[in-house]
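Peer 1:
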Amino acid sequence: MNIDLHCHTTASDGVLPPRQLVREARRKGLALLSVTDHDTTAGLEEALDEGRRVGLQVIPGVEVTASAGDLEIHLLGHFIDPSDARFAAFLERSQAARIDRLRKMIARLADLGIQVDMEEVLAVGAEGSVGRPHLAQVLVKHGYVKGISEAFDRYLKQGASAFVERPHLPAEEAMERIKQSGGFPTLAHPGLYNGDRVIKSLAGKGLVGLEVYHPDHTPSQIAHYRRLSEELGLLATGGSDYHGFSGLHLKELGVSYLREEDRRRLWDQAVRLCRLKGLDLQEIPVSPNPVVEGSNVQDLSASNPSVKRG
Numbered sequence: 003m004n005i006d007l008h009c010h011t012t013a014s015d016g017v018l019p020p021r022q023l024v025r026e027a028r029r030k031g032l033a034l035l036s037v038t039d040h041d042t043t044a045g046l047e048e049a050l051d052e053g054r055r056v057g058l059q060v061i062p063g064v065e066v067t068a069s070a071g072d073l074e075i076h077l078l079g080h081f082i083d084p085s086d087a088r089f090a091a092f093l094e095r096s097q098a099a100r101i102d103r104l105r106k107m108i109a110r111l112a113d114l115g116i117q118v119d120m121e122e123v124l125a126v127g128a129e130g131s132v133g134r135p136h137l138a139q140v141l142v143k144h145g146y147v148k149g150i151s152e153a154f155d156r157y158l159k160q161g162a163s164a165f166v167e168r169p170h171l172p173a174e175e176a177m178e179r180i181k182q183s184g185g186f187p188t189l190a191h192p193g194l195y196n197g198d199r200v201i202k203s204l205a206g207k208g209l210v211g212l213e214v215y216h217p218d219h220t221p222s223q224i225a226h227y228r229r230l231s232e233e234l235g236l237l238a239t240g241g242s243d244y245h246g247f248s249g250l251h252l253k254e255l256g257v258s259y260l261r262e263e264d265r266r267r268l269w270d271q272a273v274r275l276c277r278l279k280g281l282d283l284q285e286i287p288v289s290p291n292p293v294v295e296g297s298n299v300q301d302l303s304a305s306n307p308s309v310k311r312g
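3 is the number of the first residue of the sequence shown in our numbering; add one for each residue after it.
Set out below in structure tokens:
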């Protein structure tokens with residue numbers, strides 16, 4: 003069973019518009035998709051509408067940037083309400099902080115002799131929440147680096163020469179915001195956070211899930227995080243972290259990188275996640291081939307009254 007609970011569209015730093023992303027997921031035969039753009043819900047109504055049209059179950063989601071002590075972390079929020087005005091306002095403040103940080107990073111690049119026009123970066127991310135991947139694309143375009151990975155390694159990742167910290171909401175408050183919007187907070191790609199301390203801390207403060215299955219995790223990390231999720235009583239989620247271009251996680255939707263046994267485990271966990279919202283995945287027939295528009299999709303507005311139809 004192939005699913006994906008972590009992917010991005012042009013509403014943040016992905017390359018596919020929401021409708022096209024959903025169509026691509028349906029073409030590949032995915033049974034379930036959660037759209038989780040960075041600090042924005044702008045693409046969700048379009049994705050939900052396209053999911054109903056092509057017959058793919060779409061979970062409204064988001065990826066919120068937060069802080070846990072001195073760490074910048076990402077929290078996935080599955081089943082948030084895309085029409086929640088208070089949650090949208092909270093995310094808009096985060097987007098403003100993103101832009102402010104980019105200006106500071108561009109100033110640091112200038113000190114290194116690298117000239118980047120902020121307006122060009124904003125134009126690359128014009129459809130949604132702008133961030134470091136958009137700056138990386140501009141660096142590639144002008145020949146300062148050969149690819150996205152090099153841009154992050156040399157200049158943009160934490161500890162690199164042009165990296166700038168930005169103020170984040172504490173993780174506890176971010177999780178509470180997600181829950182207030184009807185969602186379930188999951189810690190994304192825990193392999194990035196240097197040990198299990200942050201996981202164990204958040205597990206006692208409202209965390210619901212742990213992204214066990216991620217393309218950047220080694221098989222031994224996957225096994226470790228699966229055991230840890232069981233120990234802490236967390237759902238074990240996963241996905242591709244799809245953005246659509248090389249150098250940043252997978253270029254392919256779904257979890258084909260996993261062994262069949264782990265794909266079955268992930269499906270079982272997705273069933274549990276959806277049942278928290280009254281959605282029974284076991285009732286959805288899944289075919290690898292495209293289906294007639296609108297068939298076999300449960301209306302999430304029925305299981306979550308706060309979710310509007312697109």
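Don't be surprised by glycine CBs; every beta carbon is placed ideally from N, CA and C.
All values reported here derive from a predicted model rather than from experimental measurement.
Between the Cα of D83 and the Cα atoms of E263, V166, G45, R29, which residue gives the shortest distance?
Peer 2: The count along the sequence shown starts at 1 and reaches residue 83 at position 81. Minimum Cα distance to D83 is reached at G45.
Peer 1: For the alpha helix (DSSP H) containing Y227, list its first residue and its last residue.
Peer 2: By 1-based counting over the sequence shown, the position of residue 227 is 225. Its alpha helix (DSSP H) spans residues 221-234.
Peer 1: Report the option in S258, E52, H245, R95 whose CA atom is closest to the CA atom of S14.
Peer 2: Within the sequence shown, residue 14 is the residue found at index 12, counting from 1. Ranking the options by Cα distance to S14, first place goes to H245.
Peer 1: Check the C-beta distance from L171 over to F165 and give it rounded, since I have them as a contact under 8 Å.
Peer 2: Residue 171 sits at position 169 when you count from the first residue of the sequence shown. Residue 165 sits at position 163 when you count from the first residue of the sequence shown. That belief does not hold up - the Cβ atoms of L171 and F165 are roughly 19 Å apart, past 8 Å.
Peer 1: Can you list, in chain order, the residues of its chain whose CB lies under 7 Å from that of A138, leaving out five sequence neighbours each side?
Peer 2: In the sequence shown, counting from the first residue as 1, residue 138 sits at position 136. Here the set comprises I150, A153, F154, L158.
Peer 1: Bridge partners for L78 per DSSP, in chain order?
Peer 2: Translated into positions along the sequence shown, residue 78 becomes position 76. L78 is bridged to E65, T188.
Peer 1: Under 7 Å Cβ to Cβ from P19, same chain only, skipping five residues before and after it: list those, please.
Peer 2: In the sequence shown, counting from the first residue as 1, residue 19 sits at position 17. Hits under 7 Å: T11, T12.
Peer 1: Bridge partners for C276 per DSSP, in chain order?
Peer 2: Working through the sequence shown from its first residue, we reach residue 276 at position 274. Paired residue(s): none; C276 is not in a bridge.
Peer 1: By Cβ distance below 6 Å, which residues in the same chain neighbour R228 in space, the five residues on each side in sequence not counted?
Peer 2: Counted from its first residue, the sequence shown places residue 228 at position 226. Correct list, in chain order: V214, A238.
Peer 1: May I ask you to report which of helix, strand or coil DSSP gives Q117?
Peer 2: Residue 117 sits at position 115 when you count from the first residue of the sequence shown. Q117: coil per DSSP, three-state reduction.
Peer 1: Under the rule that 16 or more other beta-carbon atoms within 10 Å means buried, what is D6, buried or exposed?
Peer 2: Taking the sequence shown and counting its residues from 1, the one referred to as residue 6 is at position 4. By the 10 Å Cβ count, D6 comes out buried.
Peer 1: What separation, rounded to the nearest whole angstrom, lies between the Cα atoms of A272 and T188?
Peer 2: The sequence position of residue 272 within the sequence shown is 270, counting from 1. The sequence position of residue 188 within the sequence shown is 186, counting from 1. One C-alpha to the other measures close to 12 Å.
Peer 1: What residue range is occupied by the uninterrupted beta strand (DSSP E) comprising D6?
Peer 2: Within the sequence shown, numbered from 1, the residue matching residue 6 stands at position 4. Where D6 is concerned, the enclosing beta strand (DSSP E) stretches over 5-9.
Peer 1: What did DSSP end up calling G53 once you bin it into helix, strand or coil?
Peer 2: Here residue 53 corresponds to residue number 51 of the sequence shown, with the count starting at 1. Looking at G53 - three-state DSSP - the assignment turns out to be helix.
Peer 1: Beta carbon of L212, beta carbon of I201: below 8 Å?
Peer 2: Taking the first residue of the sequence shown as position 1, residue 212 is located at position 210. Taking the first residue of the sequence shown as position 1, residue 201 is located at position 199. Cβ atoms of L212 and I201: closer than 8 Å.
Peer 1: Indicate whether V325 and L141 have their beta-carbon atoms separated by less than 8 Å.
Peer 2: Examination of residue 325 is not possible in this model, given that the chain is present from 3 through 312 alone.
Peer 1: Considering just the uninterrupted stretch of the alpha helix (DSSP H) at A205, what are its terminal residues?
Peer 2: Within the sequence shown, the letter at position 203 stands for residue 205. Start and end: 199-205.
Peer 1: If you draw a straight line from the C-alpha of L104 to the C-alpha of G16, how long is it?
Peer 2: The residue given as residue 104 occupies position 102 in the sequence shown. The residue given as residue 16 occupies position 14 in the sequence shown. In a straight line, the C-alpha of L104 is about 18 Å away from that of G16.
Peer 1: Just tell me which of Q97, G53, R25, D113 has its CA closest to the CA of R168.
Peer 2: As a position in the sequence shown, residue 168 is number 166, starting the count at 1. The option with the nearest alpha carbon to R168 is Q97.
Peer 1: Measuring CA to CA, which of D102, I75, P217 is closest to R265?
Peer 2: For the purposes of this step, residue 265 is taken as the residue at position 263 of the sequence shown. The option with the nearest alpha carbon to R265 is P217.
Peer 1: Are the CB atoms of S36 and F76 within a distance shorter than 8 Å?
Peer 2: Reading the sequence shown from its first residue, position 74 is the one you call residue 76. Reading the sequence shown from its first residue, position 34 is the one you call residue 36. One point to set straight first is that residue 76 is His, not Phe, in the sequence displayed. Cβ distance not < 8 Å, so H76 and S36 don't count as in contact.
Peer 1: Taking all protein chains shown into account, do 16 or more other C-beta atoms lie within 10 angstroms of the C-beta of D39, making it buried, or fewer, making it exposed?
Peer 2: Translated into the one-based positions of the sequence shown, residue 39 becomes position 37. That one is buried.
Peer 1: Just to confirm my understanding: we take K310, look at its own chain, exclude 5 residues before and 5 after, and list those with CB closer than 6 Å. What are they?
Peer 2: Indexing the sequence shown from 1 puts residue 310 at position 308. Reliability fails at K310, whose pLDDT of 32 lies under 50, so the model's placement of it is uncertain and the value that follows must be treated cautiously. Closer than 6 Å at the Cβ level, and outside the excluded window around K310, lie S85.
Peer 1: Grab the span of the beta strand (DSSP E) containing L237 for me, first residue to last.
Peer 2: Walking along the sequence shown from the start, residue 237 turns up at place 235. 237-240 is the extent of the beta strand (DSSP E) around L237.
Peer 1: Since Y195 contacts L73 with CB under 8 Å, what's their CB separation in whole angstroms?
Peer 2: Taking the sequence shown and counting its residues from 1, one reaches residue 195 at position 193. Taking the sequence shown and counting its residues from 1, one reaches residue 73 at position 71. At roughly 6 Å, the Cβ-Cβ gap stays under 8 Å, so Y195 and L73 are in contact.
Peer 1: In terms of residue numbering, what span does the beta strand (DSSP E) encompassing E213 cover?
Peer 2: In the sequence shown, residue 213 corresponds to position 211, counting from 1. Here the beta strand (DSSP E) through E213 covers 211-215.
Peer 1: Assuming contact is defined by CB atoms lying nearer than 8 Å, are H136 and G145 in contact in what I supplied?
Peer 2: In the sequence shown, the residue the question calls residue 136 occupies position 134. In the sequence shown, the residue the question calls residue 145 occupies position 143. No.
Peer 1: Return the first residue and the last residue of the beta strand (DSSP E) that S36 is part of.
Peer 2: As a working mapping, residue 36 is identified with position 34 in the sequence shown. Here the beta strand (DSSP E) through S36 covers 34-37.
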